[in-house]
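Sequence order for the protein chains is A and B.
Read the first sequence against my numbering and you will find it ends at 141, with the numbers running on by one and no gaps.
Read the second sequence against my numbering and you will find it ends at 1111, with the numbers running on by one and no gaps.
Here a beta-carbon is modelled for each residue, glycine too, at the ideal position from N, C-alpha and C.
Accompanying notes for the structure given below.
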Amino acid sequence: MAAAEKLLEFQFPAKSDHLCILREKLREVLGTCSSSEELRNCIVLAVGEACMNIIEHAYCNNDQGDIILEVEKQGENMIFRLTDFAHRKSCEEEMIGRPLEEIRPGGLGCHIINEIMDEVQLIDCKTKCGNVLQMKKKLDS
Amino acid sequence: MKSNLRSEINYDVLNLSGEIDLHHSPKLREEILGSLKGKKSLLINMEDVSYIDSSGIASLVEGFQAAKENKLSYGLLSISGPALQVLTLTRLDKVFTLYNSIDQFQSQLQT
Chain A
1 MAAAEKLLEF QFPAKSDHLC ILREKLREVL GTCSSSEELR NCIVLAVGEA CMNIIEHAYC
61 NNDQGDIILE VEKQGENMIF RLTDFAHRKS CEEEMIGRPL EEIRPGGLGC HIINEIMDEV
121 QLIDCKTKCG NVLQMKKKLD S
Chain B
1001 MKSNLRSEIN YDVLNLSGEI DLHHSPKLRE EILGSLKGKK SLLINMEDVS YIDSSGIASL
1061 VEGFQAAKEN KLSYGLLSIS GPALQVLTLT RLDKVFTLYN SIDQFQSQLQ T
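Given below as structure tokens:
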């Protein structure tokens, strides 16, 4: 297995007005890794959705706490790891999208993440607080 | 996100531009539902939307439902590539009526 090369580590407050800064950082990194604009847009969207889930569901919109985004390149794969420090532990079931036949607002974020990424998993971080979500995407696939 | 609402006799056009995320979607929701409260049909111009996430899409869906309840026409105009990507991923491209021109929307209002 190829060694992982860390491309980005970015810590930011879990607030909605910081999502644009996150996207900017991510686009910079992705610009050096993939020639496909469509793929880059999709990855930015999926990571943004995952951050939004953390803000809304892990931190429950209370604006307290940070998120760390780590981006690594491992061979042909990009790995995106999001760490939060929320008291609430997320569970795998929450990462399953709802049926798309239901036309109603909300609940599409997990579907988008699962559609775009090749692998999505919550890693047991073994500490009392916090969650680590890891997403993997093969480049130019 | 920047937005601008233009009123015509029997419909409104909401012009959107820039990025729409969790930070902007409450404002978008307010603008869409506010316009529909006036009982006029609504066309949302998405030509210059460079990014939209599921919270923005949720605002569009709420508008779609409100328009349906009030028997008003509701559509998306000149949808940008990144916005279409999200609608396709969520299969909402088959739910919303997408228009290529205002004329197309106007002629549908008359039928």
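Given that residue i touches chain B, what residues does it touch there, using C-beta distances under 7 angstroms?
| i | result |
| --- | --- |
| residue 52 of chain A | 1022, 1053 and 1055 |
| residue 17 of chain A | 1023 |
Give the secondary structure of residue i by DSSP, where H, G and I count as helix, E and B as strand, and everything else as coil.
| i | result |
| --- | --- |
| residue 1025 of chain B | helix |
| residue 102 of chain A | coil |
| residue 68 of chain A | strand |
| residue 1105 of chain B | helix |
| residue 1035 of chain B | helix |
| residue 76 of chain A | coil |
| residue 1088 of chain B | helix |
| residue 1046 of chain B | strand |
Mind checking if residue i is an interface residue toward chain A, Cβ cutoff 9 angstroms exclusive?
| i | result |
| --- | --- |
| residue 1059 of chain B | yes |
| residue 1086 of chain B | yes |
| residue 1072 of chain B | no |
| residue 1034 of chain B | no |
| residue 1062 of chain B | yes |
| residue 1104 of chain B | no |
| residue 1081 of chain B | yes |
In the DSSP assignment, the beta strand (DSSP E) including residue i goes from what residue to what residue?
| i | result |
| --- | --- |
| residue 1006 of chain B | 1002 to 1007 |
| residue 9 of chain A | 5 to 13 |
| residue 119 of chain A | 119 to 123 |
| residue 97 of chain A | Counting along the chain, residue 97 of chain A falls outside any beta strand (DSSP E), and DSSP gives it neither H nor E. |
Does any residue of chain B bring its CB to less than 9 angstroms from the CB of residue i?
| i | result |
| --- | --- |
| residue 41 of chain A | yes |
| residue 111 of chain A | yes |
| residue 23 of chain A | yes |
| residue 67 of chain A | no |
| residue 108 of chain A | yes |
| residue 132 of chain A | no |
| residue 44 of chain A | yes |
| residue 115 of chain A | yes |
Just to make sure I have the definition right: I need the residues of chain B whose C-beta is within less than 8 angstroms of the C-beta of residue i. Which are they?
| i | result |
| --- | --- |
| residue 20 of chain A | 1019, 1021 and 1023 |
| residue 13 of chain A | Within chain B, no residue comes near residue 13 of chain A; the closest Cβ sits about 12 angstroms away, beyond 8 angstroms. |
| residue 49 of chain A | 1053 and 1054 |
Under 8 angstroms Cβ-Cβ, which residues of chain A neighbour residue i?
| i | result |
| --- | --- |
| residue 1091 of chain B | 100 |
| residue 1095 of chain B | 103 |
Indicate whether residue i and residue j have their beta-carbon atoms separated by less than 9 angstroms.
| i | j | result |
| --- | --- | --- |
| residue 114 of chain A | residue 84 of chain A | no |
| residue 1007 of chain B | residue 1048 of chain B | no |
| residue 1059 of chain B | residue 1082 of chain B | no |
| residue 122 of chain A | residue 111 of chain A | no |
| residue 106 of chain A | residue 97 of chain A | no |
For residue i, go through chain A and note every residue whose CB falls closer than 7 angstroms to its CB, in chain order.
| i | result |
| --- | --- |
| residue 1049 of chain B | Under the 7 angstroms cutoff, chain A gives no residues; its nearest Cβ is about 12 angstroms from residue 1049 of chain B. |
State the start and end residues of the unbroken alpha helix (DSSP H) segment that holds residue i.
| i | result |
| --- | --- |
| residue 1059 of chain B | 1054 to 1069 |
| residue 1019 of chain B | Here residue 1019 of chain B belongs to no alpha helix (DSSP H); instead the beta strand (DSSP E) covers 1011 to 1020. |
| residue 131 of chain A | Unbroken run through residue 131 of chain A is the beta strand (DSSP E), 131 to 138; no alpha helix (DSSP H). |
| residue 31 of chain A | 19 to 31 |
| residue 109 of chain A | 109 to 116 |
Mind listing the chain B neighbours of residue i? Cutoff is C-beta to C-beta under 9 angstroms, in chain order.
| i | result |
| --- | --- |
| residue 55 of chain A | 1022 |
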